[in-house]
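The structure appears right after this line, and notes come after that.
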């Protein structure tokens with residue numbers, strides 16, 4: 010009896026957990042199995058880990074950004090502190106050795122003025138270099154590399170267009186002024202080396218600041234030559250674009266501005282505040298970049314691109330035998346072979362002035378690009394834009410089809426100037442010449 014009872018107890022299966030859901034007269038039940046609990050536990054664990062990882066990422070990202078900003082602020086403060094420390098050190102040295110304190114202070118002030126001038130120029134250069142890089146000029150030539158002299162803290166490192174703040178030259182000056190002995194002409198201080206030990210601190214300071222001043226002038230001269238080269242490159246690029254635009258009788262954007270330069274202006278003549286050649290070169294570069302940006306913007310707004318790259322041309326522009334009447338007729342565009350339903354994009358940004366069924370064009374979209382130039386896209390199976398829409402080059406305006414006077418699926422592409430159809434090949438060939446100047 011006891012043996013049989015024990016078999017029944019140990020041989021009995023564990024009871025299953027059942028969830029009963031009642032709604033009105035309907036009663037539903039669901040058996041909760043161990044694997045379901047395990048899956049639910051794993052899901053909760055994965056969700057918790059993902060949440061912790063995402064939260065950690067957001068927290069660390071903010072910390073990194075804050076640390077970067079704080080590091081930049083510390084570098085700037087350290088840089089200013091080194092200048093202040095240099096002045097204080099010069100004052101202490103000249104006071105200990107009974108030298109004329111004003112002489113050294115004047116030289117430090119002059120050095121600081123030069124440094125402030127270069128810092129101010131760097132701020133202007135930063136903006137101009139960003140514009141030059143966006144215009145593709147710095148990629149070709151590169152501009153204003155960091156100098157290798159000990160005063161590299163005075164010249165902007167144009168590789169990342171930020172002025173580094175190491176105190177190479179400042180610390181060398183500070184060290185030499187603090188010591189009473191002459192410096193050895195080693196590779197580390199050859200630029201700041203000076204000779205006889207009998208020289209006074211004032212004499213050594215004079216030599217040091219003279220060498221630093223010469224180094225700064227070398228940096229300035231290098232910057233000026235680079236800026237002049239950029240100005241020349243920007244002018245050449247603008248001239249190349251203008252040459253292409255002039256062939257299509259496109260008015261230059263600067264023409265109207267020049268015409269209004271002398272309108273409604275006046276005032277007494279006052280001498281300019283300064284005649285700094287470097288600032289004048291920056292002004293010239295700014296004007297050259299502005300001109301390049303204007304003509305480049307005009308070129309990018311016109312249909313100089315191929316609407317069907319890699320597609321076969323089934324019928325060119327010009328007279329041909331009409332496929333329906335069998336007699337000679339003018340074909341006012343170019344036909345490109347397309348697959349049914351293939352997406353069609355415009356060749357330049359513009360405004361939709363016609364969208365829908367248009368006689369022999371079938372479903373057609375016409376886009377106005379300004380300067381009297383428009384493009385037409387015909388025989389589409391479906392039009393995806395409406396009149397008044399502003400479209401960009403990457404927008405889809407319709408799907409290829411064979412509507413209107415068409416013998417098969419293709420795209421009929423037209424370019425019209427002042428209402429007259431012109432051969433789109435002229436624009437596409439011009440676009441190949443402008444490929445290095447426009448995006």
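Numbering (the working numbering), first residue to last: 10 to 448. Here a beta-carbon is modelled for each residue, glycine too, at the ideal position from N, C-alpha and C.
Inter-stretch contact (C-beta, 8 Å, three-pair minimum) for the region 309-329 and the region 337-347: Segments in contact, yes.
Residue 448 - containing alpha helix (DSSP H), residue span: Translated into positions along the chain shown, residue 448 becomes position 439. Counted as a single uninterrupted DSSP element, the stretch harbouring residue 448 is not any alpha helix (DSSP H), since DSSP gives it neither H nor E.
Burial state of residue 242 (16 or more Cβ within 10 Å): By 1-based counting over the chain shown, the position of residue 242 is 233. Counting Cβ neighbours within 10 Å, residue 242 comes out buried, since at least 16 surround it.
Three-state secondary structure assigned by DSSP to residue 28: Along the chain shown, one-based indexing puts residue 28 at 19. Strand, per DSSP.
Span separating the alpha-carbon of residue 390 from that of residue 407: Here residue 390 corresponds to residue number 381 of the chain shown, with the count starting at 1. Here residue 407 corresponds to residue number 398 of the chain shown, with the count starting at 1. Answer to the nearest angstrom: the Cα atoms are 8 Å apart.
Where residue 345 sits in the DSSP three-state scheme: Against the chain shown, residue 345 aligns to sequence position 336. Here DSSP, grouped into helix, strand and coil, assigns residue 345 to strand.
Alpha-carbon spacing of residue 260 relative to residue 410, whole angstroms: Position 251 of the chain shown, counting from 1, holds the residue named residue 260. Position 401 of the chain shown, counting from 1, holds the residue named residue 410. Straight-line spacing of the CA atoms in residue 260 and residue 410 works out to 36 Å.
Counted within 10 angstroms of its Cβ, other Cβ atoms place residue 81 as buried (16 or more) or exposed: Against the chain shown, residue 81 aligns to sequence position 72. Exposed: under 16 other Cβ atoms inside 10 Å.
Nonlocal neighbours in the same chain, by C-beta distance under 6 Å from residue 435, ignoring five residues either side: One-based indexing of the chain shown puts residue 435 at position 426. Cβ neighbours of residue 435 beyond the five flanking positions: none.
Buried or exposed by the 16-neighbour rule on C-beta atoms within 10 Å, applied to residue 122: Locating residue 122 in the chain shown gives position 113, where the first residue counts as 1. By the 10 Å Cβ count, residue 122 comes out exposed.
Beta-carbon spacing of residue 355, residue 382 below 8 Å: On the chain shown, residue 355 is found 346 positions in, with the first residue counted as 1. On the chain shown, residue 382 is found 373 positions in, with the first residue counted as 1. Result no, Cβ atoms of residue 355 and residue 382 do not sit closer than 8 Å.
CA nearest to the CA of residue 346, picked from 439, 316, 368, 359: Within the chain shown, the letter at position 337 stands for residue 346. It is 316.
Residue 119 - DSSP class collapsed to helix/strand/coil: Indexing the chain shown from 1 puts residue 119 at position 110. Residue 119 falls in the helix class under three-state DSSP.
CA nearest to the CA of residue 432, picked from 230, 49, 313, 443: Sequence index remark: in the chain shown, residue 432 carries index 423 (1-based). For the residues 230, 49, 313, 443, the minimum Cα distance to residue 432 belongs to 313.
Spatial distance of residue 64 from residue 76 (CA atoms): If you number the chain shown from 1, residue 64 lands on position 55. If you number the chain shown from 1, residue 76 lands on position 67. Taking C-alpha positions only, residue 64 is separated from residue 76 by approximately 18 Å.
From 360, 322, 135, 320, residue whose alpha carbon lies closest to that of residue 310: Position 301 of the chain shown holds residue 310. Distances from the CA of residue 310 to each of 360, 322, 135, 320 were compared; the closest alpha carbon is that of 360.
6 Å Cβ shell around residue 247 - same chain, five flanking residues per side excluded: The count along the chain shown starts at 1 and reaches residue 247 at position 238. The residues are 300, 301, 304.
Distance between residue 412 and residue 348 (C-alpha atoms, nearest Å): Taking the first residue of the chain shown as position 1, residue 348 is located at position 339. Taking the first residue of the chain shown as position 1, residue 412 is located at position 403. Straight-line Cα distance between these residues: approximately 13 Å.
Three-state secondary structure assigned by DSSP to residue 144: The residue you call residue 144 lines up with position 135 of the chain shown. Correct three-state label for residue 144: coil.
Simplified DSSP assignment, three categories, for residue 386: As a working mapping, residue 386 is identified with position 377 in the chain shown. Of the three classes helix, strand and coil, the one that applies to residue 386 here is strand, per DSSP.
Whether residue 352 touches residue 394 by CB criterion (8 Å): By 1-based counting over the chain shown, the position of residue 352 is 343. By 1-based counting over the chain shown, the position of residue 394 is 385. Cβ distance not < 8 Å, so residue 352 and residue 394 don't count as in contact.
Alpha-carbon spacing of residue 119 relative to residue 94, whole angstroms: Residue 119 sits at position 110 when you count from the first residue of the chain shown. Residue 94 sits at position 85 when you count from the first residue of the chain shown. Looking at the two C-alpha atoms, the distance is approximately 16 Å.
Under 8 Å between C-beta atoms of residue 425 and residue 385: Taking the first residue of the chain shown as 1, we reach residue 425 at position 416. Taking the first residue of the chain shown as 1, we reach residue 385 at position 376. Against a cut-off of 8 Å, the Cβ pair of residue 385 and residue 425 comes out as a contact.
Secondary structure of residue 422, DSSP reduced to three states: As a working note, residue 422 is residue 413 in the chain shown. In the structure shown, residue 422 falls within a strand segment according to DSSP collapsed to helix, strand and coil.
Span of the beta strand (DSSP E) around residue 364: Here residue 364 refers to the residue found at position 355 when the chain shown is read from its first residue. Looking at the DSSP string, the run of the beta strand (DSSP E) that includes residue 364 is 359-366.
Residue 329 in three-state terms, based on DSSP: The residue given as residue 329 occupies position 320 in the chain shown. Strand.
Nonlocal neighbours in the same chain, by C-beta distance under 7 Å from residue 292, ignoring five residues either side: Locating residue 292 in the chain shown gives position 283, where the first residue counts as 1. Cβ within range, chain order: n/a, list empty.
N- and C-terminal bounds of the alpha helix (DSSP H) containing residue 307: As a position in the chain shown, residue 307 is number 298, starting the count at 1. Residue 307: member of the alpha helix (DSSP H) spanning 286-309, first to last residue.
Under 8 Å between C-beta atoms of residue 429 and residue 344: For the purposes of this step, residue 429 is identified with residue 420 of the chain shown, where counting begins at 1. For the purposes of this step, residue 344 is identified with residue 335 of the chain shown, where counting begins at 1. The answer is no: Cβ separation not under 8 Å.
Paired residues, beta bridge with residue 412 - DSSP: Here residue 412 refers to the residue found at position 403 of the chain shown. Note: residue 412 sits in no beta bridge, so no partner.
CB contact flag (residue 308, residue 250, <8 Å): Here the question's residue 308 lines up with position 299 in the chain shown. Here the question's residue 250 lines up with position 241 in the chain shown. Inclusion of residue 308 and residue 250 in the CB contact set at 8 Å is warranted, their separation being smaller than that value.
Boundaries (first-last residue) of the beta strand (DSSP E) holding residue 450: With the chain running from 10 to 448 in the structure shown, residue 450 is simply not present.
Assigned exposure category for residue 456 - 16 Cβ within 10 Å defines buried: Only positions 10 to 448 of the chain appear in the structure, and residue 456 is not among them; the question remains open.
Status (buried if at least 16 other CB within 10 Å, exposed otherwise) for residue 67: Along the chain shown, read from residue 1 onward, the residue named residue 67 stands at position 58. Exposed, by the Cβ-count rule.
Proximity to residue 39 [Cα-Cα], best of 26, 442, 231: Working through the chain shown from its first residue, we reach residue 39 at position 30. For the residues 26, 442, 231, the minimum Cα distance to residue 39 belongs to 26.
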